[in-house]
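Asker: Here this note's numbering is used: the first residue of the sequence shown is 2, the next is one more, and so on. All C-beta atoms, glycine included, are put in the ideal place defined by N, C-alpha and C. Here the structure is a predicted model, which means the values were calculated and not measured.
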Amino acid sequence: MFKDGVAKPKQSKEGKAIGIDLGLTDFCITSDGSKLKQPKWLRRHEKNLKRKQRKLSRQVKGSKNRDKARLKVAKVQSKISRCREDFLHKLSRKIVNENQVIVLESLNVKGMVRNPNLSKAISQVSWGQFATMLKYKAEQEGKVYLEVDRWFPSSKTCNVCLNVVGNLPLDIRAWTCNSCNTHHDRDINASINIMNEGLRILSLGTRDTACGGSVRRSRRSSRTQVPGERRPKSGRKKSTSRQSPVKQEAHA
Ligand SMILES: [Zn+2]
2 MFKDGVAKPK QSKEGKAIGI DLGLTDFCIT SDGSKLKQPK WLRRHEKNLK RKQRKLSRQV
62 KGSKNRDKAR LKVAKVQSKI SRCREDFLHK LSRKIVNENQ VIVLESLNVK GMVRNPNLSK
122 AISQVSWGQF ATMLKYKAEQ EGKVYLEVDR WFPSSKTCNV CLNVVGNLPL DIRAWTCNSC
182 NTHHDRDINA SINIMNEGLR ILSLGTRDTA CGGSVRRSRR SSRTQVPGER RPKSGRKKST
242 SRQSPVKQEA HA
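Written out as structure tokens, the structure is:
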């Protein structure tokens, strides 16, 4: 993983594992059952930004008022990015401190679609920053960070019996497995599946981070099947951190 040959702490995957699902309503949903929204004040700043951007767009080009409005927009943008970074730093620090293995769903699938919706674009920037922070903080401490693809149906698979439900529209936030009767919160079930998928990959030993040892799962898991449609994970090690391509647009 480290081509430069610099000695990094030896990675270990002894200890607790966590799976993390990222979303819009809740910023972060974890396999241990917690849901976290972006702080309210951050969302307030985002509304403020929208308002000031609208005001800017109404000003005549080349006018003094336009300059003033532009300055106001820039100030709010800078405030938002500092607040957001602070929030993401604290959250990623907490997660890395409390866990040994951190599994995130890949942002390739859900996040990187260009989206005209401003709040979604802002969330995508946050997801990318968050993934980057989790990754480097985990690596600094010799912990394991990995991303799993969402080619497997993490929302639609029951984490208890691995039954896959046929259809689960986005507005269905909770469901009951028709095979084992477990009642699931949609997002928490997904994040448990993300964790299990990460642990499965580690147990296969296809990554250089898989250096033996046992991981305590925070939830019961008996995942053994290997659906054939999953892509091989071994070639993806270096692509685990990224910034969102919508970064510029989010503040445009
Ligand atoms: Zn089930």
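1) Run through the DSSP bridge pairs and tell me what Y1 is partnered with.
2) Using a Cβ-based criterion (distance less than 7 angstroms to any ligand heavy atom), does V161 qualify as near ligand 1?
3) Label I81 either buried or exposed according to how many other C-beta atoms from any shown protein chain fall within 10 Å of its C-beta, with 16 as the threshold for buried.
4) Report all residues from its chain with a CB closer than 6 angstroms to the CB of N49; omit the five preceding and five following residues, and keep chain order.
5) Over the uninterrupted alpha helix (DSSP H) stretch that includes D188, give me the two end residues.
6) Give every residue of the same chain whose Cβ lies closer than 6 angstroms to the Cβ of G16, excluding the five residues on either side of it in the sequence, and list them in chain order.
7) Write down the C-beta distance between C159 and H185 rounded to the nearest angstrom, noting that I regard them as a contact closer than 8 angstroms.
8) I need the DSSP call for V165, collapsed to helix, strand or coil.
9) Straight-line CA distance for I195 to F153?
10) In terms of alpha-carbon separation, which member of S124, R45, S58 lies closest to D22?
11) Report yes if the CB atom of L92 is closer than 8 angstroms to the CB atom of C29, and no otherwise.
12) From what residue to what residue does the alpha helix (DSSP H) around L57 run?
13) Should V61 be labelled buried (16 or more other beta-carbon atoms within 10 Å of its own) or exposed?
14) Is V97 near K36, with beta carbons less than 8 angstroms apart?
15) Looking only at its own chain, which residues have a Cβ that is under 6 angstroms from the Cβ of K53, when we skip the five neighbours before and after it?
16) With burial defined as no fewer than 16 other Cβ atoms inside 10 Å of the residue's Cβ, what is the status of E148: buried or exposed?
17) What do you reckon, is the C-beta of N164 under 7 angstroms from a heavy atom of ligand 1?
18) Let me check one thing: in DSSP terms, what residues is H184 bridge-paired to?
19) For A18, count the other beta carbons within 10 Å of its own beta carbon; 16 or more makes it buried, fewer makes it exposed. Which is it?
20) Quick one: grab the DSSP three-state call for D27.
21) Hey, is S156 close to ligand 1, as in C-beta under 7 angstroms from one of its heavy atoms?
22) Counting only the same chain and skipping the five closest in sequence on each side, list residues whose C-beta sits under 6 angstroms from that of N190.
23) Can you tell me the Cα-Cα spacing of A175 and G167, whole angstroms?
24) I need the straight-line Cα distance from E47 to L205, nearest angstrom please.
25) Looking at the strands, I want to know which residues DSSP matches up with I21.
Answerer: On the basis of the data shown:
1) Residue 1 lies beyond the stretch modelled for the chain, which goes from 2 to 253, so this question has no answer here.
2) yes
3) buried
4) V77
5) 187-205
6) Q101
7) 7 angstroms
8) strand
9) 9 angstroms
10) S124
11) yes
12) Residues 41-59.
13) exposed
14) no
15) K73, V74, V77
16) buried
17) Within the cutoff, so yes.
18) T177
19) buried
20) Coil, per DSSP.
21) no
22) N160
23) 15 angstroms
24) Cα-Cα distance, rounded: 43 angstroms.
25) T31, L105
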